[in-house]
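Report on the following structure.
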Amino acid sequence: MERILVIGSSGQIGSELVLALRKTYGSSNVFATDIKNPTEEIRNGGPFQILDVLDYKNLLHFIVRHKITQVYNLAAVLSGNAEKIPLQAWDINMKALMNTLEAARQSDAKKLFWPSSIAVFGPTTPRHNTPQLTVMEPNTVYGISKLAGERWGEYYNNRYDVDIRSVRYPGLISYKTEPGGGTTDYAVEIFFEAIKKGSYECFVKESTALPMMFMDDAIENTIKLMNADSKQLSLRSSYNMAGISFTAEELATAIKKRIPGFTATYKPDFRQAIADSWPASIDDDIAQKDWGLKAEFDLDRICDVMLEKVKEKLEK
Ligand code: AKB
């Protein structure tokens, strides 16, 4: 019987991942933790505890006391916020990972999920259909921490047999919990503003194309990777995960088709340079072959679901 710890359960990914895991493994076997309060659904649906992943002793104690077998560590300062506090962001992102790697080494919680990101690539990387193995010279603190994290994950797998699994998430689009401090946040904000105000001022240029994925696809594939036979996994650093690529303007046009009066304007800020340094599209062939990665949602389907669900949420 698996007993699962989710670190960062109040964030954009965690708040949905916990619900999916509880459905599969039973509510009492999925322990949600964060330094922030959770959504009501998470608090009412199973165990939740305030836990700081930076406090190693407490983390290890929690894992041992609750006989945890798998950990999902989702705690991170995202790309935009990390540029405002570079040294702190480096400390937080690296310590959060190193604490979970060490805890995995020193306990029975040997199976670990840790998300990497398209931010591991940089301005010298081929921008289109970016391969798994290519030039990697990220120039953001977040990207540097993710690339270093990938190397550490592989090291702990080789050296200590920690069963780490990871994907390089593209921008994730969801309605339950909004992201905070990322460069791809515009692809979520735009839906909320479209419903609230009928307009959106986007912080990247209309021609900016980035890989994106709907949260349901991200969650399903993350759990699929964690359940894959370890013999099938040729990579312990992190797998490219493509989703679909579209420009900010294509996204705005798809929303306008559904809300005819909607207008988008573009006022790039410091996040434009970050977006420009990332791939416009990604090749995820290896993940498809190794463990069956598959994304179902295209731009039209994402827009239909987002507009319906965001509306429902804002009317509550
Ligand atoms: C960000 O924009 O920082 C994240 C990411 C792509 O990792 N959403």
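Position 172 (the sequence shown) corresponds to 246 in this note's numbering; numbering is contiguous. We put the beta carbon where it would ideally sit given N, CA and C, even for glycine.
{"Asked": "Whether residue 241 touches residue 252 by CB criterion (8 Å)", "Found": "no"}
{"Asked": "Residue 230 - containing alpha helix (DSSP H), residue span", "Found": "215 to 234"}
{"Asked": "Nearest neighbour of residue 87, chosen from 227, 146, 354 [CA to CA]", "Found": "146"}
{"Asked": "Distance between residue 348 and residue 282 (C-alpha atoms, nearest Å)", "Found": "11 Å"}
{"Asked": "Inter-residue CB distance, residue 246 and residue 287 (contact presumed, cutoff 8 Å)", "Found": "6 Å"}
{"Asked": "heavy atom of the ligand AKB below 7 Å from residue 196 C-beta", "Found": "no"}
{"Asked": "C-alpha distance - residue 346 paired with residue 100, whole-angstrom precision", "Found": "42 Å"}
{"Asked": "Proximity below 8 Å, CB of residue 84 to CB of residue 250", "Found": "no"}
{"Asked": "Residue 243 beta carbon near the ligand AKB (any heavy atom closer than 7 Å)", "Found": "yes"}
{"Asked": "Residue 317 beta carbon near the ligand AKB (any heavy atom closer than 7 Å)", "Found": "no"}
{"Asked": "Best match in 142, 371, 300, 377 for proximity to residue 325 [C-alpha to C-alpha]", "Found": "377"}
{"Asked": "Bridge-paired residues (DSSP) for residue 275", "Found": "339"}
{"Asked": "C-alpha distance - residue 278 paired with residue 340, whole-angstrom precision", "Found": "6 Å"}
{"Asked": "Beta-carbon spacing of residue 212, residue 356 below 8 Å", "Found": "no"}
{"Asked": "Expected contact under 8 Å - CB spacing of residue 181 and residue 238 to nearest Å", "Found": "Incorrect: roughly 14 Å between the Cβ atoms, too far for contact."}
{"Asked": "Local Cβ density within 10 Å of residue 208, reported as buried at 16 or more and exposed below that", "Found": "exposed"}
{"Asked": "Beta-carbon proximity of residue 172 to residue 226, cut-off 8 Å", "Found": "yes"}
{"Asked": "Reference residue 155; option with closest CA among 176, 214, 126, 123", "Found": "214"}
{"Asked": "First and last residue of the uninterrupted alpha helix (DSSP H) at residue 362", "Found": "359 to 365"}
{"Asked": "Cα-Cα separation between residue 233 and residue 185, rounded to whole angstroms", "Found": "15 Å"}
{"Asked": "The ligand AKB heavy atom lying under 7 Å from the CB of residue 160", "Found": "no"}
{"Asked": "Residues bridged to residue 130 (per DSSP)", "Found": "Paired residues: none, contrary to the question."}
{"Asked": "Reduced DSSP category for residue 329 - H, G, I as helix; E, B as strand; rest coil", "Found": "helix"}
{"Asked": "N-terminal and C-terminal residue of the alpha helix (DSSP H) that residue 374 is part of", "Found": "373 to 389"}
{"Asked": "Sub-8 Å separation of residue 291 and residue 254 beta-carbons", "Found": "no"}
{"Asked": "Straight-line gap, residue 204 to residue 114 (C-alpha atoms, nearest Å)", "Found": "39 Å"}
{"Asked": "Sequence ranges, beta strand (DSSP E) only - wholly within the region 102 to 170, length at least 3", "Found": "104 to 108, 122 to 124, 144 to 147"}
{"Asked": "Beta bridge counterpart(s) of residue 287 as assigned by DSSP", "Found": "246"}
{"Asked": "Inter-residue Cα distance where the pair is residue 363 and residue 296", "Found": "15 Å"}
{"Asked": "Sequence-distant residues of the same chain with beta carbon closer than 6 Å to residue 110, five excluded per side", "Found": "84"}
{"Asked": "Local conformation of residue 194 per DSSP, three classes", "Found": "helix"}
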